[in-house]
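Colleague: Numbering (our numbering), first residue to last: 1 to 512. Positions of the beta carbon are idealized from the N, C-alpha and C atoms, including for glycine. Note that this is a predicted model, so its numbers are computed, not measured.
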Ligand code: AHR
């Protein structure tokens with residue numbers, strides 16, 4: 001072949017390769033916020049098989065247990081360093097009476113769980129059991145108290161029961177029940193979805209109720225409470241506005257926000273595993289709207305709280321699909337696919353970028369419910385693709401946010417476009433830099449050329465989560481179809497990093 005043609009072809013390929021690269025720059029802002037580890041939090045409700053037959057199993061189940069707490073689950077959650085766990089709901093919280101869940105188990109009253117399938121709740125898993133679970137995992141409890149059908153006295157006494165070192169009769173009762181020292185729980189939710197299942201309140205009415213409840217939730221010597229107001233869902237900006245206007249800033253640590261990604265809508269949510277590329281595209285498009293939601297709620301908060309004293313707590317988020325065929329529709333048991341992993345990773349990147357305002361979040365829910373980390377069947381247990389994302393992203397916990405500037409290439413479906421790539425970066429206390437990249441494009445790899453400016457590094461290591469298809473899953477038969485592997489698709493060119501992200505991938509690089 002003519003040498004000139006070969007050289008020309010090589011040049012064309014080199015130039016088009018460089019052109020098709022996405023340029024990204026990284027820098028550290030002088031006032032860079034810390035990424036709170038609490039945005040990596042989780043949620044455990046008395047719903048379906050999250051608590052019963054999830055965390056808390058029968059005496060006779062042949063798995064390692066402490067009391068009835070499943071220790072293989074504890075170990076798995078320890079590994080990904082879950083920073084906090086929210087309990088007992090959700091909607092369940094506003095019908096839960098904590099006194100029913102203490103003392104000898106055979107004397108605890110039974111109730112019907114009206115929110116979730118009218119199953120009998122025997123209250124065998126109560127305050128002591130939950131706080132023991134948190135101790136075993138090494139995670140901070142986040143207790144969600146009953147405002148909808150409870151009383152101020154009930155919440156006030158729950159805080160006292162859990163946190164008081166005194167010899168008051170409530171603290172004595174805790175001691176009689178086997179817990180001498182207070183647990184010093186800091187995170188307290190004052191109601192849940194108070195606009196809906198938590199009491200159908202108006203924003204004005206709830207704001208007044210919040211002020212009352214919060215007044216009587218006392219701090220104790222080793223527990224300064226972080227009270228979280230029950231916030232808006234989705235696009236209900238009036239709710240956030242009213243709370244910020246009516247509640248004094250020093251009366252609340254945070255305001256919550258709930259946002260679920262529905263492939264279709266609340267009537268027909270769509271399958272967790274059977275979907276085509278247009279449905280995949282729409283689902284990702286909806287998940288990415290978390291960025292817009294946080295921006296808009298934060299803008300409202302900024303007007304009342306320019307110094308960002310109050311945290312925005314996205315204490316329920318994740319994909320909500322139809323239940324697995326043949327399972328109880330009220331139990332919300334759904335499979336988890338590579339799509340879930342891409343949603344989780346993209347959402348965590350969004351939270352990281354909003355670290356100045358978002359300081360706590362909880363994926364719904366930890367075990368066997370909605371976008372779960374872990375699915376169980378009898379003694380068996382599988383780690384979902386979402387679990388692996390939290391494993392990869394744990395390096396960002398409490399690290400300092402680094403800024404990334406770039407314009408993502410488009411991922412297109414029909415006439416619609418969404419960003420194919422999202423990313424976030426942080427620097428930990430040892431100086432190591434961590435970058436989490438997500439390529440949601442179902443068809444194309446994406447190459448990034450990252451300029452690190454003044455941030456110096458000598459070498460990198462990488463890990464990847466990817467799968468052949470957006471609906472690839474881990475099943476009980478094949479539990480490791482979607483799992484983390486080593487990644488070497490990057491090179492150092494001077495102080496620049498060139499990385500190629502395969503289609504449908506989550507890549508985390510550590511630069512030292
Ligand atoms: O996570 C399931 C439910 O979704 C919660 O109980 C409720 O708060 C929300 O509507």
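Do residue 90 and residue 236 have their CB atoms nearer than 7 angstroms?
Modeller: Counting from one through the chain shown, the residue named residue 90 turns up at place 90. Counting from one through the chain shown, the residue named residue 236 turns up at place 236. Contact flag unset, no.
Colleague: Would you mind reading off the limits of the alpha helix (DSSP H) that contains residue 349?
Modeller: Within the chain shown, numbered from 1, the residue matching residue 349 stands at position 349. It spans 338-353 - the alpha helix (DSSP H) in which residue 349 sits, taken as one unbroken run.
Colleague: How about residue 184 and residue 214: are their beta carbons less than 7 angstroms apart?
Modeller: Locating residue 184 in the chain shown gives position 184, counting from the first residue. Locating residue 214 in the chain shown gives position 214, counting from the first residue. Taking 7 angstroms as the Cβ cut-off, residue 184 and residue 214 do not qualify as a contacting pair.
Colleague: Cβ of residue 189 within 6 angstroms of any heavy atom in ligand 1?
Modeller: Locating residue 189 in the chain shown gives position 189, counting from the first residue. No, Cβ of residue 189 sits at least 6 angstroms from all heavy atoms of ligand 1.
Colleague: Within 6 angstroms: the Cβ of residue 193 and any heavy atom of ligand 1?
Modeller: On the chain shown, position 193 is the one that residue 193 refers to. It does: the Cβ of residue 193 is within 6 angstroms (strictly closer) of some heavy atom of ligand 1.
Colleague: Between residue 121 and residue 46, how many whole angstroms is the CB-CB distance? I'm expecting something under 8 angstroms.
Modeller: In the chain shown, the residue the question calls residue 121 occupies position 121. In the chain shown, the residue the question calls residue 46 occupies position 46. The Cβ separation is near 6 angstroms, so the contact holds.
Colleague: Go through the stretch 371-419 residue by residue and report every complete run of the alpha helix (DSSP H) that reaches 4 residues or more, in order.
Modeller: If we require 4 residues or more, the alpha helix (DSSP H) runs fully inside the stretch 371-419 come out as 385-393.
Colleague: When you measure from the CB of residue 364 to every non-hydrogen atom of ligand 1, does any distance come out below 6 angstroms?
Modeller: Residue mapping note: residue 364 aligns to position 364 of the chain shown, counting from 1. Yes.
Colleague: Given 8 angstroms as the limit, is there contact between the stretch 20-27 and the stretch 404-422, that is, 3 or more CB pairs closer than that?
Modeller: Touching, yes.
Colleague: Measure the beta-carbon distance from residue 382 to residue 479 and round it to whole angstroms, keeping in mind my assumption that it falls under 8 angstroms.
Modeller: By 1-based counting over the chain shown, the position of residue 382 is 382. By 1-based counting over the chain shown, the position of residue 479 is 479. Residue 382 to residue 479, Cβ: 4 angstroms. Contact.
Colleague: Compute the Euclidean distance between the alpha carbons of residue 40 and residue 118, then round it to the nearest angstrom.
Modeller: Along the chain shown, one-based indexing puts residue 40 at 40. Along the chain shown, one-based indexing puts residue 118 at 118. Their backbone Cα atoms lie some 31 angstroms apart in a straight line.
Colleague: For ligand 1, is there any heavy atom lying closer than 6 angstroms to the beta carbon of residue 326?
Modeller: Within the chain shown, the letter at position 326 stands for residue 326. Flag unset: Cβ of residue 326 not near ligand 1.
Colleague: Residues bridged to residue 111 by DSSP?
Modeller: The sequence position of residue 111 within the chain shown is 111, counting from 1. Its beta-bridge partners are 121.
Colleague: Using a Cβ-based criterion (distance less than 6 angstroms to any ligand heavy atom), does residue 199 qualify as near ligand 1?
Modeller: Here the question's residue 199 lines up with position 199 in the chain shown. No, Cβ of residue 199 sits at least 6 angstroms from all heavy atoms of ligand 1.
Colleague: What would DSSP say about residue 96, mapped onto helix, strand or coil?
Modeller: If you number the chain shown from 1, residue 96 lands on position 96. The answer is coil: DSSP assigns residue 96 none of H, G, I, E or B.
Colleague: For residue 27, which of 226, 500, 433 has the nearest alpha-carbon?
Modeller: Your numbering for residue 27 matches position 27 in the chain shown. The shortest C-alpha separation from residue 27 is found at 433.
Colleague: Any idea what DSSP makes of residue 212, helix, strand or coil?
Modeller: Start at 1 with the first residue of the chain shown, and residue 212 comes out as number 212. Of the three classes helix, strand and coil, the one that applies to residue 212 here is helix, per DSSP.
Colleague: Across the stretch 42-61 and the stretch 418-425, are there enough close Cβ pairs to call them in contact, namely three or more that are closer than 8 angstroms?
Modeller: No: the two stretches stay apart, fewer than three of their Cβ pairs being nearer than 8 angstroms.
Colleague: What are the uninterrupted segments assigned as alpha helix (DSSP H) that are 4 or more residues long and contained completely in the stretch 202-257, given in chain order?
Modeller: Qualifying alpha helix (DSSP H) stretches, in chain order: 203-216, 237-246.
Colleague: Confirm the yes/no value for this check: CB of residue 91, any heavy atom of ligand 1, distance under 6 angstroms.
Modeller: In the chain shown, residue 91 corresponds to position 91, counting from 1. Yes, ligand 1 has a heavy atom inside 6 angstroms of this Cβ.
Colleague: Residues in its own chain within less than 6 angstroms of residue 169 by CB, not counting five upstream and five downstream?
Modeller: Here residue 169 refers to the residue found at position 169 of the chain shown. So no residue of the chain qualifies.
Colleague: Is it buried or exposed, residue 240, if we count other Cβ atoms within 10 angstroms and call 16 or more buried?
Modeller: Reading the chain shown from its first residue, position 240 is the one you call residue 240. By the neighbour-count rule (16 or more Cβ atoms within 10 Å), residue 240 is buried.
Colleague: What span of residues does the alpha helix (DSSP H) with residue 446 cover, start to end?
Modeller: Taking the chain shown and counting its residues from 1, one reaches residue 446 at position 446. Element bounds for residue 446: not the alpha helix (DSSP H) but the beta strand (DSSP E), 446-451.
Colleague: Is the CB-CB distance between residue 509 and residue 460 below 7 angstroms?
Modeller: Within the chain shown, residue 509 is the residue found at index 509, counting from 1. Within the chain shown, residue 460 is the residue found at index 460, counting from 1. Yes, the pair counts as a contact, with Cβ atoms nearer than the cut-off.
Colleague: Suppose the cutoff is 6 angstroms on Cβ atoms and the five residues either side in sequence are ignored; what does the same chain contact list for residue 369 look like?
Modeller: Along the chain shown, one-based indexing puts residue 369 at 369. Answer for residue 369: 47, 48, 50, 332, listed in chain order.
Colleague: Return the chain-ordered list of same chain residues with a C-beta closer than 6 angstroms to the C-beta of residue 390, the five sequence neighbours on each side being excluded.
Modeller: Position 390 of the chain shown, counting from 1, holds the residue named residue 390. Here the set comprises 80.
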